[in-house]
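**Student:**
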Amino acid sequence: MPEPALQLSVSLWRGSADGRYETYSVPRRESQTVLDVVTYVQRHIDPTLSYRFACRVGMCGSCAMTVNGHPRWTCRTHVAKVADGGRLQIGPLDNLPVVKDLVTDMQRFFDKWQQAKGVFAPSQSRAEPMARIRPDSAARLAADAAIECINCGVCYAACDTVRWNSAYLGPAALNRAWTLVNDARDAGNPARLATIAASGGCHACHSHQSCQEHCPLALNPTASIAGLKRRATAAYLKGELKA
Amino acid sequence: MNVRLYVWQRATAALMVPFVLVHIAVIFYATRQQMTAADILSRTHGSALWASFYGVFVAAVSIHASIGLRNILTEWSPLADRSAGWCAVCAGIALALLGFYAVVALVVM
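In structure tokens form, the structure reads like this:
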């Protein structure tokens with residue numbers, strides 16, 4: 038097995054949308070993550086470098102960046118897996134406005150979660166008995182398959198439809214809507230289905246499956262969106278939706 | 471694309487599957503039999519069956535293609551949704567007029 042390079046050549050995006058890549062030399066370490074590399078640059082080379090991270094263990098979803106052309110969670114991406122000949126190019130996530138350096142403005146990403154009615158709408162008060170949901174029920178299993186999203190924005194950055202259609206809600210918001218559509222306790226489905234069946238909703242998806250390919254948690258938003266398409270189409274054909 | 475357009479596009483796509491197969495079979499038959507245009511017109515002239523077959527086919531194609539064109543314009547051109555919709559409606563009407571004219575030529579003229 039070849040020895041890893043002693044130094045990495047790391048190109049980092051600097052500035053806002055009209056910025057450029059600048060190259061830094063970073064020592065190669067064992068078990069080094071891409072986030073370690075970015076942190077090294079900020080701590081030892083240029084303290085003005087801006088980037089986001091919080092938990093460093095793949096839970097918070099704040100450290101996603103574009104690494105050698107692909108959106109990735111940087112805290113759990115090992116350099117050994119992605120460094121091509123000891124080279125790394127790290128930029129901000131696509132499909133989101135760049136604030137500075139590696140930081141994007143996530144506002145529209147989270148606005149779309151709200152727009153897709155990604156908020157639980159309770160059907161009962163706390164005075165009523167707790168809902169009983171069988172763990173092996175079809176709806177619970179469907180929700181389970183989609184529920185571990187950490188809002189990192191990787192799928193949103195990878196999505197071609199988001200790139201082409203700014204009104205499209207995107208894979209993360211629709212995936213979240215799918216979990217709630219399958220939540221027997223939720224009372225928000227009429228409004229939710231009306232939103233996701235409208236222009237920019239689930240039917241805009243081309244099923245390219247980039248979201249599934251890049252999701253760091255191996256979720257399948259394309260399958261969730263396909264479920265929403267079926268559900269919304271059935272509701273429309275039954276006359277429950279106006280479009 | 472909203473759910474209404476989605477349903478129309480999928481429904482017309484499903485409808486077109488047998489029509490496309492029959493259409494291709496007809497093309498193969500006509501070429502293998504070395505039929506001339508006059509031979510074909512002599513068989514289709516006055517035929518309610520061919521008129522309804524190609525009439526429905528043209529209607530399905532016009533609806534299906536115009537919805538697809540609307541999607542392309544929405545995603546690949548600077549046109550707003552509404553403008554893209556009107557362009558697609560115009561294209562659909564043009565396709566329908568050309569198609570129905572061909573059907574009339576095949577069956578009546």
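Residue numbers (our numbering), protein chains in the order written: chain A, 38 to 280; chain B, 471 to 579.
Ideal Cβ placement from N, Cα and C applies to all residues, glycine included.
Values in this document were obtained by computation on a predicted structure and should not be read as measured data.
Going straight from the alpha carbon of A/Thr-216 to that of A/Arg-200, what length do you get?
**Tutor:** 24 Å
**Student:** Kindly identify the DSSP beta-bridge partner or partners of A/Gln-79.
**Tutor:** For A/Gln-79, which the question treats as bridged, DSSP gives no partner whatsoever.
**Student:** Among A/Ala-183, A/Leu-86, A/Ala-234, A/Ala-214, which residue has its Cα nearest to the Cα of A/Leu-254?
**Tutor:** A/Ala-183
**Student:** Using only the alpha-carbon positions, how far apart do B/Ser-517 and B/Leu-576 sit?
**Tutor:** 9 Å
**Student:** For B/Tyr-499, does the count of other Cβ atoms within 10 angstroms reach 16, so buried, or fall short, so exposed?
**Tutor:** exposed
**Student:** The beta strand (DSSP E) with B/Leu-485 in it runs from where to where?
**Tutor:** Note, B/Leu-485: premise wrong, no beta strand (DSSP E); alpha helix (DSSP H) at 473 to 502.
**Student:** Using the Cβ count rule (16 or more neighbours within 10 Å means buried), how would you classify A/Trp-150?
**Tutor:** buried
**Student:** Please go through the same chain and pick out, in chain order, the residues whose beta-carbon is closer than 8 Å to the beta-carbon of B/Ser-547, but skip the five residues on each side of it.
**Tutor:** Ala-554
**Student:** In angstroms with no decimal places, state the Cα-to-Cα distance between A/Leu-211 and B/Val-573.
**Tutor:** 44 Å
**Student:** Keeping to the same chain, check which residues put their C-beta closer than 8 Å to that of A/Gln-44; ignore five residues upstream and five downstream.
**Tutor:** Ser-62, Val-63, Pro-64, Arg-65, Gly-123
**Student:** Under 8 Å by Cβ, that's how I've got A/Asn-202 and B/Thr-544 pegged, so tell me the actual separation to the nearest angstrom.
**Tutor:** Taking a contact as a CB-CB distance under 8 Å, the pair A/Asn-202 and B/Thr-544 counts as one, their CB atoms being some 6 Å apart.
**Student:** Compute the Euclidean distance between the alpha carbons of A/Asn-219 and A/Ala-180, then round it to the nearest angstrom.
**Tutor:** 6 Å
**Student:** Where A/Leu-133 and A/Ala-204 are concerned, what is the direct C-alpha to C-alpha distance, given to the nearest angstrom?
**Tutor:** The alpha-carbon atoms of A/Leu-133 and A/Ala-204 are separated by roughly 13 Å.
**Student:** Can you list, in chain order, the residues of its chain whose CB lies under 7 Å from that of A/Gly-238, leaving out five sequence neighbours each side?
**Tutor:** Leu-206, Thr-232
**Student:** Which residue comes first and which comes last in the beta strand (DSSP E) that contains A/Leu-49?
**Tutor:** 44 to 51
**Student:** Please say whether A/Leu-130 and A/Thr-141 have beta carbons closer to each other than 7 Å?
**Tutor:** yes
**Student:** Provide the residue(s) that pair with A/Lys-137 in DSSP beta bridges, ordered along the chain.
**Tutor:** A/Val-140
**Student:** May I ask you to report which of helix, strand or coil DSSP gives A/His-107?
**Tutor:** A/His-107 falls in the strand class under three-state DSSP.
**Student:** How is A/Thr-331 classed by DSSP in three states: helix, strand or coil?
**Tutor:** The displayed coordinates of chain A run from 38 to 280. Any statement about residue 331 of chain A would go beyond what the structure contains.
**Student:** Would you call the CB atoms of A/Met-96 and A/Leu-139 closer than 7 Å?
**Tutor:** No; because the gap between Cβ atoms is not below 7 Å, this pair is not in contact.
**Student:** Go through its chain and collect everything with a Cβ distance to B/Thr-482's Cβ below 6 Å, but skip five positions before and after it.
**Tutor:** Cβ neighbours of B/Thr-482 beyond the five flanking positions: Ala-530, Ile-533, His-534.
**Student:** Distance, Cα to Cα, A/Asp-173 vs A/Ile-127?
**Tutor:** Each residue's alpha carbon lies about 42 Å from the other.
**Student:** For chain B, is any of its Cβ atoms less than 7 Å away from the one on A/Ala-195?
**Tutor:** no
**Student:** Identify the contact partners of A/Ser-236 in chain B, using a Cβ-Cβ distance below 8 Å as the criterion.
**Tutor:** Met-471, Asn-472, Asp-551
**Student:** Mind checking who A/Ile-127 pairs with in its DSSP beta bridge?
**Tutor:** A/Leu-49, A/Val-104
**Student:** Alpha carbons only, please: which of A/Ser-162, A/Pro-159, A/Ala-221, A/Glu-165 is nearest the one belonging to A/Ala-175?
**Tutor:** A/Ala-221
**Student:** Give the residues of chain B in contact with A/Trp-201, contact being defined as C-beta atoms less than 7 Å apart.
**Tutor:** Glu-545, Trp-546
**Student:** Output, in sequence order along the chain, the residues in the stretch 254 to 279 of chain A whose CB is closer than 9 Å to any CB in chain B.
**Tutor:** Lys-266, Ala-269, Thr-270, Ala-272, Tyr-273, Leu-274, Leu-278, Lys-279
**Student:** Is the Cβ of B/Tyr-571 closer than 7 Å to any Cβ of chain A?
**Tutor:** no
**Student:** Could you give the distance in angstroms between the alpha-carbon of A/Tyr-193 and the alpha-carbon of A/Cys-248?
**Tutor:** C-alpha separation (whole angstroms): 7 Å.
**Student:** Tell me the DSSP secondary structure of A/Arg-171 in three-state form.
**Tutor:** Of the three classes helix, strand and coil, the one that applies to A/Arg-171 here is coil, per DSSP.
**Student:** Using a Cβ cut-off of 7 Å, pull out every chain B residue sitting near A/His-240, in sequence order please.
**Tutor:** Those are Met-471, Asn-472, Val-473, Tyr-476, listed as they occur along chain B.
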